[in-house]
Amino acid sequence: DGGITQSPKYLFRKEGQNVTLSCEQNLNHDAMYWYRQDPGQGLRLIYYSQIVNDFQKGDIAEGYSVSREKKESFPLTVTSAQKNPTAFYLCASSEPTDTEAFFGQGTRLTVV
Amino acid sequence: GEDVEQSLFLSVREGDSSVINCTYTDSSSTYLYWYKQEPGAGLQLLTYIFSNMDMKQDQRLTVLLNKKDKHLSLRIADTQTGDSAIYFCAEARARNAGNMLTFGGGTRLMVKP
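Chains as they are written, first to last, in the numbering used here: chain A, 114 to 225; chain B, 92 to 204.
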């Protein structure tokens, strides 16, 4: 089945460590996105990529990094520079001009 | 600014209609969306409306758009307990010809049996 897969579902990180969240899609979509969701808040855009080997900062990119070496993969690294990393992270993909973005099931990151 | 706002919480009884409201500020929005999020899960697209439409109906869902007031609503007829979730409205805005979404904070719908 076509879809978008995030792993792991739950992730724990010690303060000061970098951690990478995986996002893979087999929908053949050009565009991929990372959002952050905090309790009681909407989704905020971290980074997006509209084509392989290209990505742009979203509204809250500080403390995060991404890569887009393959069309189907868009990993997000949460660096130690991110001051408040505990959140629910959602990855999405779409065709840039399509009306629908498909979301993964999310990764809940907790800093311990 | 580009804000999307929703009320935080709505409680209804099973079988009643639910109406979830949303306001937005960006008059250049092309599409407006309603997404549903169940606990611990990703977002599922429920329906969307193009900005030149006033209304769209899809089975139990009715979307109303008042472009003058920048007000969007989602009506769920015959609400069921399985409709309990968080509902997000979102607007699409052009950014480098992409399809960026700006989300509201979500409305938690609780359906009581």
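For each residue, glycine too, the CB sits at the ideal point set by N, CA and C.
Can the beta-carbon of residue i be found closer than 8 Å to that of residue j?
{"i": "Arg199 of chain B", "j": "Phe100 of chain B", "result": "yes"}
{"i": "Leu155 of chain B", "j": "Leu123 of chain B", "result": "no"}
{"i": "Pro171 of chain A", "j": "Tyr160 of chain A", "result": "As written in the sequence, residue 171 of chain A is Gly, which differs from the Pro given in the question. For Gly171 of chain A and Tyr160 of chain A, yes; Cβs fall inside 8 Å."}
{"i": "Phe201 of chain A", "j": "Gly219 of chain A", "result": "yes"}
{"i": "Gln171 of chain B", "j": "Glu96 of chain B", "result": "no"}
{"i": "Glu208 of chain A", "j": "Asp143 of chain A", "result": "yes"}
{"i": "Val165 of chain A", "j": "Lys184 of chain A", "result": "yes"}
{"i": "Ser175 of chain B", "j": "Lys158 of chain B", "result": "no"}
{"i": "Ser108 of chain B", "j": "Ala168 of chain B", "result": "yes"}
{"i": "Ser186 of chain A", "j": "Cys136 of chain A", "result": "yes"}
{"i": "Ile117 of chain A", "j": "Arg149 of chain A", "result": "no"}
{"i": "Leu203 of chain A", "j": "Leu156 of chain A", "result": "yes"}
CA-CA distance, residue i and residue j?
{"i": "Ala132 of chain B", "j": "Ser119 of chain B", "result": "30 Å"}
{"i": "Leu189 of chain A", "j": "Gln135 of chain B", "result": "22 Å"}
{"i": "Trp147 of chain A", "j": "Met146 of chain B", "result": "31 Å"}
{"i": "Thr133 of chain A", "j": "Lys127 of chain A", "result": "13 Å"}
{"i": "Asn139 of chain A", "j": "Val225 of chain A", "result": "33 Å"}
{"i": "Leu152 of chain B", "j": "Tyr178 of chain B", "result": "13 Å"}
{"i": "Thr121 of chain B", "j": "Ile140 of chain B", "result": "9 Å"}
{"i": "Gly92 of chain B", "j": "Met144 of chain B", "result": "Note that Gly92 of chain B has pLDDT 46, beneath the 50 cutoff, so the model's placement of it is unreliable and no number is given."}
{"i": "Val103 of chain B", "j": "Glu129 of chain B", "result": "17 Å"}
{"i": "Gln119 of chain A", "j": "Thr114 of chain B", "result": "31 Å"}
{"i": "Pro198 of chain A", "j": "Leu222 of chain A", "result": "7 Å"}
{"i": "Ala181 of chain B", "j": "Leu192 of chain B", "result": "6 Å"}
{"i": "Thr116 of chain B", "j": "Gly196 of chain B", "result": "14 Å"}
{"i": "Asn131 of chain A", "j": "Gln148 of chain B", "result": "46 Å"}
Given a threshold of 16 other Cβ atoms within 10 Å of its Cβ, counted over all protein chains shown, does residue i qualify as buried or as exposed?
{"i": "Lys127 of chain B", "result": "buried"}
{"i": "Tyr123 of chain A", "result": "exposed"}
{"i": "Ala214 of chain A", "result": "buried"}
{"i": "Ala183 of chain B", "result": "buried"}
{"i": "Ala188 of chain B", "result": "At Ala188 of chain B the pLDDT is 42, less than 50, meaning the model places this residue with poor confidence; the figure from the coordinates comes in the next sentence. Exposed, because fewer than 16 other Cβ atoms sit within 10 Å of the Cβ of Ala188 of chain B."}
{"i": "Gly173 of chain B", "result": "exposed"}
{"i": "Thr194 of chain B", "result": "What sits at residue 194 of chain B in the sequence shown is Phe, not Thr. Flag for Phe194 of chain B reads buried."}
Mind listing the chain B neighbours of residue i? Cutoff is C-beta to C-beta under 8 Å, in chain order.
{"i": "Gly116 of chain A", "result": "None at all; the shortest Cβ gap to chain B is about 10 Å."}
{"i": "Leu203 of chain A", "result": "Gly133, Leu134"}
{"i": "Gly219 of chain A", "result": "Gly131, Ala132, Gly133"}
Going along chain A in order, which residues have a C-beta closer than 9 Å to the C-beta of residue i?
{"i": "Gly196 of chain B", "result": "Gly153, Gln154, Gly155"}
{"i": "Leu99 of chain B", "result": "Gly153"}
{"i": "Val95 of chain B", "result": "Gly155"}
Whose Cβ in chain E lies nearer than 9 Å to the Cβ of residue i?
{"i": "Ala168 of chain B", "result": "Given the protein chain composition of this structure (A and B), no chain E is represented."}
Please tell me whether, using a cut-off of 7 Å, the distance from the CB of residue i to the nearest non-hydrogen atom of the ligand GDP is below it.
{"i": "Glu137 of chain A", "result": "With respect to small molecules bound, the structure shown includes none, and the ligand GDP cannot be examined in it."}
Mind listing the chain A neighbours of residue i? Cutoff is C-beta to C-beta under 8 Å, in chain order.
{"i": "Val154 of chain B", "result": "Under the 8 Å cutoff, chain A gives no residues; its nearest Cβ is about 13 Å from Val154 of chain B."}
Find the residues of chain A that neighbour residue i, judging by a C-beta separation of less than 7 Å, and give them in chain order.
{"i": "Met146 of chain B", "result": "Per Cβ cutoff of 7 Å: no residues; Met146 of chain B is ~17 Å from chain A at best."}
{"i": "Leu192 of chain B", "result": "Ala214"}
Determine the chain B residues that contact residue i at a beta-carbon separation under 7 Å, and present them in chain order.
{"i": "Phe216 of chain A", "result": "Gly133, Leu134"}
{"i": "Leu158 of chain A", "result": "Met191"}
If we require 3 or more residues per run, which beta strand (DSSP E) segments fall completely within the segment 139 to 192 of chain B? If only uninterrupted beta strand (DSSP E) runs of at least 3 residues are considered, those enclosed by the segment 139 to 192 of chain B are 146 to 149, 152 to 157, 162 to 167, 176 to 184.
To test your reading of the DSSP string, which unbroken beta strand (DSSP E) runs of 3 or more residues are found completely within the segment 133 to 217 of chain A? Whole beta strand (DSSP E) segments, 3+ residues: 144 to 150, 156 to 164, 167 to 170, 177 to 179, 189 to 191, 200 to 207.
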